[in-house]
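*Asks:* In the working numbering, the protein residues as written are 182 to 498.
I'd like to ask you about the structure that follows.
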Ligand code: GYE
């Protein structure tokens with residue numbers, strides 16, 4: 182009898198313990214995050230920010246790297262749906278083509294938060310929130326800085342980001358909007374460098390070899406990595422980057438500040454990749470069924486060579 186009671190007590194304790202464990206597991210938020218890839222210094226910093234913040238908050242993060250392919254992102258999102266994660270977040274490589282998979286997530290009752298880049302959908306209820314920069318404004322900032330620097334006269338080569346990506350479309354738009362008011366500012370070459378250093382170098386080489394090459398006196402690059410690649414191409418072609426060709430780019434990564442200190446890059450417009458904390462604030466709220474804003478914009482600045490030395494030690498990415 183005694184043994185049976187002890188056995189019963191032990192059994193009850195075991196059940197109680199496993200129920201408590203289950204409850205604890207249940208409480209742990211499960212988030213699926215589909216990242217674009219590792220195409221730039223910006224992206225590497227962004228990935229670190231997302232992973233660090235999830236760890237800090239004890240979130241079970243399912244992280245998938247899409248190697249810059251939309252099809253891989255769609256596959257990852259489908260697998261998050263199959264795994265019944267609590268929230269899905271992703272950085273869409275391009276703007277279009279997301280409706281079917283977003284509808285699947287909605288049907289499964291899983292809220293979606295867009296991180297860093299926006300999508301183009303006919304039904305806004307397919308995602309809960311978009312947190313990221315104002316890319317049109319970044320393009321305007323680059324344009325305005327260039328107007329000041331050149332007095333409204335420039336023969337511009339443009340290194341565009343990934344075709345169809347929100348920051349490529351919007352940074353072009355904002356920049357063109359500003360320079361349109363200056364008839365002596367013209368984009369004479371424009372091509373995608375896919376946001377990578379290697380492609381930026383390759384395309385700049387082709388620009389310089391083209392018939393218009395000798396007229397280029399400004400480079401506008403949609404991100405720092407492409408500008409850094411282009412700087413190499415200019416040097417190899419015997420040009421002085423930062424002097425013969427004025428260079429303005431976007432992101433504000435450490436390498437851009439180093440290039441400014443060395444006099445090779447003239448200006449970078451900041452785009453903050455460290456959005457992990459803001460992102461998980463939104464994710465936790467949406468998981469708790471709370472209302473969140475549809476659009477959250479990150480704060481950022483503009484830095485030129487005169488501020489580079491002072492700012493360099495402060496750069497976290
Ligand atoms: O500017 C670029 C990266 O989406 C804001 O993607 C991001 C951009 C960033 O590859 O360097």
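Glycine included, C-beta positions come from ideal geometry on N, C-alpha and C.
Owing to the predicted nature of the structure, the values given are computational and were not obtained by experimental measurement.
#1: List in chain order: all unbroken beta strand (DSSP E) runs of 3+ residues lying wholly within the stretch 365-423.
#2: Ignoring anything shorter than 4 residues, give me the alpha helix (DSSP H) runs that lie fully in the stretch 196-269, in order along the chain.
#3: Three or more C-beta pairs under 8 Å: does that hold for the stretch 394-412 against the stretch 329-348?
#4: Leaving aside the five residues before and after residue 168 along the sequence, list all residues of the same chain whose C-beta is less than 6 Å from its C-beta, in chain order.
#5: Return helix, strand or coil for residue 425, following the three-state DSSP convention.
#6: Please report the straight-line C-alpha distance between residue 254 and residue 301, rounded to a whole angstrom.
#7: Contact defined as beta carbons within less than 8 Å: I believe residue 405 pairs with residue 449. What is the distance between those atoms, to the nearest angstrom?
#8: Could you please give me the residues that DSSP links to residue 555 through a beta bridge?
#9: Report all residues from its chain with a CB closer than 6 Å to the CB of residue 440; omit the five preceding and five following residues, and keep chain order.
#10: Excluding sequence positions up to five away, which residues of its chain have a Cβ less than 7 Å from the Cβ of residue 388?
#11: Alpha carbon to alpha carbon, how far is residue 237 from residue 457?
#12: Take residue 310 and list the residues in its own chain whose beta-carbon comes closer than 8 Å to its own, dropping the five residues that flank it on each side.
#13: Taking the alpha-carbon of residue 498 as reference, which of 270, 275, 459, 432 has the nearest alpha-carbon?
#14: DSSP has residue 139 in a bridge; who is on the other side?
#15: Over what stretch of residues does the alpha helix (DSSP H) that includes residue 322 continue unbroken?
#16: At which residue ranges does the stretch 420-490 contain complete alpha helix (DSSP H) runs of 4 or more residues, listed in the order of the chain?
#17: Give me the Cα-Cα distance between residue 363 and residue 330, rounded to the nearest whole angstrom.
*Replies:* In this structure, then:
#1: 366-373, 399-402
#2: 222-237, 251-263
#3: yes
#4: Given that the chain is displayed from residue 182 to residue 498, the structure contains no residue 168 and the question cannot be resolved.
#5: coil
#6: 16 Å
#7: 6 Å
#8: Here the chain comprises residues numbered 182 to 498, so residue 555 is not present and cannot be evaluated.
#9: 446
#10: 338, 370, 394, 397
#11: 11 Å
#12: 294, 295, 463, 467, 473, 474, 475, 476, 477
#13: 432
#14: Residue 139 falls outside the range modelled here, since the chain spans only 182 to 498, and no answer is possible.
#15: 316-331
#16: 435-442, 457-468
#17: 13 Å
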